[in-house]
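Heads up: the sequence shown begins at 43 in the numbering used here, then just goes up one per residue. Don't be surprised by glycine CBs; every beta carbon is placed ideally from N, CA and C. Computed from a predicted model, the values in this text were never measured in an experiment.
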Amino acid sequence: MTERELFFRHIAQTSPSPPALEISHAAGCYIYDKSGRHYIDLIGGISVANVGHGHPEVLEALRRQSEAYLHVMVYGEFVESPQVQYAKLLTEHLPEHLNCVYFTNSGAEATEGALKLAKRYTGRSRILCFERSYHGSTHGALSLMGDEYWRNAFRPLLPDVWHLKYNDITALDEVDEYTACVVAETVQAESGILAPEKEWLKKLRKKCYETGALLILDEIQSGFGRTGKLWAFEHFDITPDILLLGKALGGGLPLGAFLSDKKIMNSLSENPVLGHITTFGGHPLCCATGMAAFLALKNHAYMEQVKQKEQLFHQYLKHPEIRKINSFGLWMAVEFDSPEKCRKIIHYCYQNGVITDWFLFRPECMRISPPLIIEEDQIRMACDRILKSLEEALSSQM
Ligand code: PLP
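If you want it as structure tokens, here you go:
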């Protein structure tokens, strides 16, 4: 059997027709398949590879830590330098009240931990979240998913979870003294890069202060320079009570985190003790690579060029079939007039050496969230290939 056949036989599939690219290796903004073809990676593993694939400083950190130790103890019991140093570094780049980090295995686990923390700290049960939001695929996180189509098959889900309209002023009336937390993506990813009004987010922040509800901002996709600032909330002049991180946090290895003030976080260590338990959360390898990626992001000033590179995509991606491009930094949704057309174009993009994707709640939009290190000539080449794919899709009978 070929490896491709083994893949379809033994690896669980999450969609009926995965692209099944046979990966050989990846470097910078390129992924190479086993036939030697290269692909420009326009999605970076869905906002993971912000400093590109195989960044030498990340690989060096991986090597060094792997020679020291791998897993030694369940989370939070021993002093492990990679965790401690990374937590220190992260909190130095955050507002003062986000001074305590709980590292997890994934973004979804960060969401789960944060929901439990909010319930435990406030003594309340109500969770407010938003339509067209995505916070992970485990049962608690799935309960927050902002579309009934994606939730319904898995009921019963968490009780007392209410979905409000994002960016809608009247929705804020629902935040009250029974609310444990309001969970929002600072910029909604899966609804096609939808940024809220600054005033709306500020009013949401104020309402949470007034009612004692905790504001949880999910920056699992938007964090680590994706929007041109380290954290997307910096664009809106607000700060959350709990911050969710993931994806680029691990520099290519699996890592998530929820962060809050130590005084809030302490409620997970008593009554009952071990309020959240994880064996591998904050794995030393993942913290070491995450920290190296974070330092690379800062030291090489990749973020500073995000806005300019965003404009290049707008400049090069012009075609009558493109209805609109929503973007917020190097994070964009290219809108076509139907999901079928978008699907076809994505198919041809793969044929032409570009890796891209669609959005959960906007299947008519194509995703662009490349490594932030992408260069101008690579942007130009990627856009040329997309436009070629578009033409081929239009003239095909597929
Ligand atoms: N929150 C957002 C905004 C995400 O985009 C994702 C993943 O796509 C998650 C949470 C869940 O993260 P993970 O897939 O690591 O569980």
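Could you work out which residue in the options is closest to residue i when comparing CA atoms only?
i, options, result
"residue 143", "401, 379 and 308", "308"
"residue 345", "201, 266 and 335", "266"
"residue 122", "132, 249 and 107", "107"
"residue 297", "318, 130 and 151", "151"
"residue 400", "435, 421 and 374", "374"
"residue 393", "171, 79, 312 and 58", "79"
"residue 322", "113, 432 and 414", "113"
"residue 384", "83, 75, 431 and 336", "431"
"residue 360", "325, 174, 424 and 178", "424"
"residue 422", "95, 352, 120 and 73", "352"
"residue 299", "128, 211, 252 and 175", "128"
"residue 287", "390, 264 and 170", "264"
"residue 157", "120, 45 and 201", "201"
"residue 364", "433, 301, 347 and 304", "433"
"residue 147", "178, 283 and 130", "178"
"residue 262", "238, 174, 227 and 119", "227"
"residue 450", "237, 207, 229 and 203", "Absent from the model: residue 450. The displayed extent of the chain is 43 to 440, so no value can be given."
"residue 415", "243, 182, 85 and 52", "85"
My understanding is that residue i touches residue j, with C-beta atoms under 8 Å, so please give their C-beta distance in whole angstroms.
i, j, result
"residue 246", "residue 285", "The pair is not a contact, with the Cβ atoms about 15 Å apart (cut-off 8 Å)."
"residue 403", "residue 232", "5 Å"
"residue 444", "residue 219", "Because the chain in this structure spans residues 43 to 440, residue 444 falls outside the shown range and cannot be described."
"residue 294", "residue 91", "6 Å"
"residue 250", "residue 217", "6 Å"
"residue 133", "residue 141", "5 Å"
"residue 269", "residue 371", "4 Å"
"residue 438", "residue 386", "7 Å"
"residue 145", "residue 117", "7 Å"
"residue 70", "residue 87", "In fact, because the Cβ distance is near 13 Å, the residues do not count as touching under 8 Å."
"residue 413", "residue 75", "Incorrect: roughly 18 Å between the Cβ atoms, too far for contact."
"residue 160", "residue 223", "4 Å"
"residue 131", "residue 336", "6 Å"
"residue 338", "residue 99", "5 Å"
Helix, strand or coil: how does DSSP classify residue i here?
i, result
"residue 336", "helix"
"residue 206", "strand"
"residue 187", "coil"
"residue 252", "helix"
"residue 365", "coil"
"residue 170", "strand"
"residue 115", "coil"
"residue 71", "coil"
"residue 300", "strand"
"residue 309", "helix"
"residue 331", "helix"
"residue 218", "coil"
"residue 95", "strand"
"residue 284", "strand"
"residue 423", "helix"
"residue 408", "strand"
"residue 264", "coil"
"residue 80", "strand"
With a threshold of 7 Å, establish whether the CB of residue i neighbours any heavy atom of the ligand PLP.
i, result
"residue 148", "yes"
"residue 231", "yes"
"residue 260", "yes"
"residue 178", "yes"
"residue 235", "no"
"residue 7", "Any property of residue 7 remains undetermined from this structure, which presents the chain solely from 43 to 440."
"residue 227", "yes"
"residue 153", "yes"
"residue 410", "no"
"residue 55", "no"
"residue 88", "yes"
"residue 357", "no"
"residue 353", "no"
"residue 298", "yes"
"residue 94", "no"
"residue 188", "no"
Should residue i be labelled buried (16 or more other beta-carbon atoms within 10 Å of its own) or exposed?
i, result
"residue 187", "buried"
"residue 65", "exposed"
"residue 196", "exposed"
"residue 409", "buried"
"residue 406", "buried"
"residue 168", "buried"
"residue 376", "buried"
"residue 333", "buried"
"residue 331", "buried"
"residue 126", "exposed"
"residue 427", "buried"
"residue 190", "exposed"
"residue 320", "buried"
"residue 289", "buried"
"residue 326", "buried"
"residue 356", "exposed"
"residue 238", "buried"
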